[in-house]
Amino acid sequence: MSAPWLAGGRVAAHVLEQRLASLALHESREAAATRAMRRCERVWRAAADTLGPASGASAVWEWLLRPLAEELGWMPESGAAITVSGVRVRVAQARLGDAGQLLVATPWGASLDGLQRAATRLAARQGHAWVAVCNGVHWRWHDVARPYARDHVSLTLAHGAVDGRVWQTLWQCGQVAPARQGPASAQAWLDRLATESAAANARAAGALRREVSGVMDTLALHARGGHDAHLAQVFQWLFLLFADARMLVPSWHPAYARSYSLPRLLPSSGARAPAGIHDGVTAITALGSRGGRLGSLQVPALNGALFQQRLEARHGRRLPDRVVGRMIARLAGAGSHSGTPVDLSSLDVEHLGALYEHLMAPGSDAQPALLRKRTGAFYTPRAMADQLVARTLDPLVAEASADEILALRIVDPAMGSGALLASALRYLVRAVEAAWVREGRGGPLDVPREDREALPRRIAEQCLYGVDVNARAVQVARLSLWLLSLAPDRPLTWLDAHIRAGDSLVGVSPDRLLARPPVRAQTARPSRDEGQLTLFDLQHWHHEAATLGSQFRALAARPSLTADDVREKARRFSDLRDGDAVTRWRSRADAWCGAAMDDAQVTAAMWRAVDDALRESSPECRASARVMDLRDRWLAAASSGGCLHWALEFPEVFDDGRGGFDAVVANPPWEMLRGDLGSGDDRAAHRADVARLQRFVQRSGLYKEVTGHLNTYQLFVERMLQLVRPGGRIGCLLPGSMLADAGAAGLRRQVFDHAAIDRLAIVDNREGLFPIHRSMRIVAMTGSAGGRTDALLVEVDAPPRRRPDDATARASQAPPDPVAGVGAHLVSRDLLRAASGAAEAIPHLRTPADLSVLAHLVRWPRLADPPWGLRFGRELNATDDRHRLAPDGQGELIVVDGKHLRAFGVCPPADAPRATAASLARVLPARPWERWRVAYRDVSSPTNTRSLIAALLPPWHVSTHTLACLREPLPLAQQLYLCGMLNSLVADWFVRRYLGAHVTSRLIGRLPVPRPPATHPDRRMVVRLAGRLARNPADHVADVELQAVAVRLYGLSREAVDAVIADFPRLAPTTASRMRDASG
């Protein structure tokens, strides 16, 4: 990168360099930038002579920040001294383009990482879009609209003494960018650069995916090996290219650059590929594997499986130089096929996650998408990963010493490509550096260089654990951690012991293996002497585990300074993992899991016979052929299933008093396990895999709160609670269905009963954070294991509001939160039960007023409870009951579905399906078509104009499953009242708090509806208005009056009505006004 003074990731170096280069095309602007640069240089020289480690925030403000702002024309106000996050700072408002910014001066050299959240909050309260923080060494801009994001714009000011572009950048960012779509689109260049950088990075990432796909196709055509071997070759090249772009390899040395820098092997634009490219690539691989001396430069061996891959032709040993050169050129940024150059310096390791998604399966482009859909696995965006990791780990590191932080053990049981582990690595590095300051060791610049460079390696090797069922994902995760922890003159970080391939959900501990056979609980019958054998085996295991745990910990702590050190650690790890004690227990655990997945009936006696055979030293001499067949089949099933036994694989975590990981973070797959994706053999194979997992869940007894269709995220949440130690932290990203789905009710209760959940952050997917439907919600849950949740903080996140640019408009408004629309509310479990019963569904509440409205509504009787006692359900299934319809369309019953229903009425088309009463008598013996009944539309969304739509279904009409109908016969007047109240905005508001994609009968049963006496004037008014609307749904006057009467019946205050109205942005002003007038 030719701008080494720029960091933070919010503005890409090549975008900034293009912008600075364009100044030369405009003489007046270039002259203005040059004058500003010279003025800033004078300020910097004076500040550099005055400021130092003893300088406080006031000195940094007076000597550097305020003079720079004045010379740049930002017109700073006088600074005020305040305390932010325990640090004394000076703050002031200043101009930035046509808008404003907040300037924050900190003590010289103070860490800026811990101030981001507080600084953005402070700037948001004053209505600014950006906050600039300066510690005399670095200048950092944070985007106030993205307080959860770690990316920023950072300038190292000392570089300004030799590179005037530092000052030109400060000046340029504060100028007004020309409007693209009229005056309303004018913005500061800082905003424009951030927007252009995001777009450029997205294009570069997309181009890289396309180029990698092309390279994979070329390797498949020319190179020896299968898809996994070709993928490893691509990862090797990408690692070298990423490392070269970040100066992590000695590409600055002439000898290395001439012969061993991968990009330098490529021909100049338009030239023919030089001879020897294949030999050059082979030499680079050998140098990475073994190291060597290049004149005065000693190149250390990088070692690792990444450099075991050798490039060989499918026929012969050499690939043509032109083929190799073309592949590397595509990865290195030529972009010859995609049309978009790939600038690797602008990409981060997180982009490897998106690349992994693209390469999850070999073959056609449709297969990776199918595998992602089948597994529900999606890459975690960095902003969400950083936020989740910070909220999960903050309580563990807030006041911890550096040694205590380095003793933490953090795992991601569904790590995918390692996004959460990468965030954890960055977070722990900052946490240790902050602990060094608290302990008096000084800031990062005061710590010896060797310690600073070794810190990321030490954290990656000792603190981080990860497991994924996909071996390719494991390779990408290792690649990401290698890039983040690579240090000069050191081999690749040793990750073999902690970053593993396996199925996190399928595995058993010795304790459970000895406690029960792999059969359903009601069929297990312990034998008379089983208790003594179990106790002896358990004591024996804990003794072995304590010994193994101390050996694994010592191995992880051993330095890996050279390739020989890494190879020795790998050898020692293999010896420990394949030792007699672990191998014997692993065989027993594999057989236990294989038995639990067996499609044949397994009895406790069968399991004991196989377990006895495995425990004996010579099972072939003692066991029958039947027992040996069972043993072999169960071991083969476990091997094909990728079982991972956590206590056996990581004894240093689960024994010796630890009892589990200190923190478990995950973005688990979200998908119902039905086996209905793909076609033909592919679908059959997947259905068999799903069936094996279902049998394991049913027989193992590990998952207690999963009912109905299996959803993988529910299994992972239960597994996380098993993996974390008492008092440890959990943090996970879950689908919005976790909040209110009936199938997740048991899981919610288990989580609340066994963990103290401190925050549930609900994020709308409107911005397309995940490649799922934009109406879906994402839940970030954090808490501590071993406690109990009596109340939880629910935070709702919405896109930021447009901020006013002028000070007058800002003064007239209440200060916005850092992320507008955010509401954090403490919701008690008592309120959850009052609103949803034993389901304890979590409502979607945006503001404190929403919480007050819900607490008020739950005082009214629910439809499913006395005195209402009503039930709703479907009548026909459009698919299953199709054969019951009249083929000639001549039946006396009209069949309607959800699309025929509108508020208060049903409008079936003339050619609607028909059925005869005789054909439906068996499936509908109560003959509901003979009476009027209230019906509502089942399929809906909280983002629809109206979510709850009800009508009276006339006699001689029957409905399909997209409508739910009242089961109980009620007088017509009572049904008109009920229909009117279901169509009220208040009832709609309540339903939206819990709505996913369906208005379920359980949700309607929980709906509170006032039940005044039949003679009550408001009730009689609702009946009359509902009758008018049934005859004429376009009667706007009647609808307005109905909404007003519903407000009176529910007894809502003016504030409560405003909260309800805010949920319906398209509501007519006349309706809103009338509802306010009717409030109490």
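Be aware that the sequence shown starts at 1337, since it is given in the numbering used here, and climbs by one per residue.
Built from N, CA and C at the ideal position, the CB exists for glycine as well.
Bridge-paired residues (DSSP) for residue i
{"i": "Asn1537", "result": "The partner list for Asn1537 (beta bridge, DSSP) is empty, contrary to what the question assumes."}
{"i": "Cys1929", "result": "In DSSP, Cys1929 forms no bridge with anything."}
{"i": "Asp1804", "result": "Ala1837"}
{"i": "Phe2208", "result": "Leu2302"}
{"i": "Asp1748", "result": "Gly1802"}
{"i": "Gln1437", "result": "Ala1430 and Trp1466"}
{"i": "Pro2344", "result": "Arg2198"}
{"i": "Ala2160", "result": "Glu2131"}
{"i": "Leu1633", "result": "Leu1630"}
{"i": "Met2008", "result": "Asn2047"}
{"i": "Thr2118", "result": "Gly2067 and Arg2095"}
{"i": "Ile1418", "result": "Val1425"}
Short Cβ contact (7 Å threshold) for residue i with residue j
{"i": "Asp1748", "j": "Val2001", "result": "yes"}
{"i": "Pro1846", "j": "Trp1943", "result": "no"}
{"i": "Ala2214", "j": "Thr2252", "result": "no"}
{"i": "Ala1593", "j": "Ser1587", "result": "yes"}
{"i": "Leu1493", "j": "Val1347", "result": "no"}
{"i": "Asp1998", "j": "Leu1744", "result": "yes"}
{"i": "Glu2041", "j": "Gly1978", "result": "no"}
{"i": "Val1570", "j": "Ala1579", "result": "no"}
{"i": "Gly1415", "j": "Arg1426", "result": "yes"}
{"i": "Met2056", "j": "Val2115", "result": "no"}
{"i": "Leu2321", "j": "Ala2286", "result": "no"}
{"i": "Asp2274", "j": "Ala2300", "result": "yes"}
{"i": "Arg2169", "j": "Arg2342", "result": "no"}
{"i": "Val2163", "j": "Val2132", "result": "no"}
{"i": "Val2434", "j": "Ala1454", "result": "Look at the range of the chain in this structure, 1337 to 2416, and you will see that residue 2434 is not part of it."}
{"i": "Phe2208", "j": "Leu2331", "result": "no"}
{"i": "Val2099", "j": "Pro2344", "result": "no"}
{"i": "Ala2362", "j": "Leu2306", "result": "no"}
{"i": "Pro1412", "j": "Leu1439", "result": "yes"}
Spatial distance of residue i from residue j (CA atoms)
{"i": "Arg1963", "j": "Ala1945", "result": "Looking at the sequence itself, residue 1963 is Val, so the reference to Arg does not match. Near 7 Å, if we compare the C-alpha coordinates of Ala1945 and Val1963."}
{"i": "Arg1381", "j": "Val1725", "result": "40 Å"}
{"i": "Leu1633", "j": "His1589", "result": "8 Å"}
{"i": "Thr2118", "j": "His1878", "result": "31 Å"}
{"i": "Arg1924", "j": "His1876", "result": "14 Å"}
{"i": "Asp1434", "j": "Trp1772", "result": "41 Å"}
{"i": "Ile2397", "j": "Ala1758", "result": "43 Å"}
{"i": "Pro1824", "j": "Leu1897", "result": "10 Å"}
{"i": "Ala1936", "j": "Ser1975", "result": "18 Å"}
{"i": "Gly2063", "j": "Leu1849", "result": "25 Å"}
{"i": "Arg1913", "j": "Thr1919", "result": "7 Å"}
{"i": "Val1733", "j": "Ala1767", "result": "7 Å"}
{"i": "Ala2091", "j": "Ala1983", "result": "22 Å"}
Residues near residue i by beta carbon distance below 6 Å, same chain, minus five either side
{"i": "Ala1890", "result": "none"}
{"i": "Ser1391", "result": "Trp1444"}
{"i": "Ala1702", "result": "Note that Ala1702 scores a pLDDT of 41, beneath 50, so its modelled location is shaky; the value from the coordinates is reported in the next line. Result list for Ala1702: empty, nothing under 6 Å."}
{"i": "Tyr2049", "result": "Pro2004, Trp2006 and Leu2070"}
{"i": "Met1373", "result": "Gly1500, Trp1503 and Gln1504"}
{"i": "Gln1452", "result": "His1478"}
Cβ neighbours of residue i in the same chain (closer than 8 Å, five flanking residues each side left out)
{"i": "Val1659", "result": "Thr1554 and His1558"}
{"i": "Thr1419", "result": "Val1425"}
{"i": "Arg1894", "result": "Asp1901 and Lys1905"}
Contact set for residue i: own chain, Cβ-Cβ below 7 Å, skip 5 residues either direction
{"i": "Trp1573", "result": "Leu1598, Ile1664 and Leu1667"}
{"i": "Leu1950", "result": "Ser1923, Arg1924, Ala1927 and Arg1967"}
{"i": "Glu2211", "result": "Leu2260, Pro2264, Val2294, Ser2295 and Cys2301"}
{"i": "Arg2165", "result": "Phe2088, Thr2125, Asp2126, Ala2127 and Glu2176"}
Cβ distance (whole Å) where residue i is taken to contact residue j below 8 Å
{"i": "Gln1462", "j": "Gln1511", "result": "Not really, about 22 Å apart at Cβ, beyond 8 Å."}
{"i": "Leu1630", "j": "Ala1568", "result": "With a Cβ gap of about 26 Å, Leu1630 and Ala1568 do not count as contacting."}
{"i": "Leu1817", "j": "Ala1796", "result": "5 Å"}
{"i": "Val1844", "j": "His1981", "result": "6 Å"}
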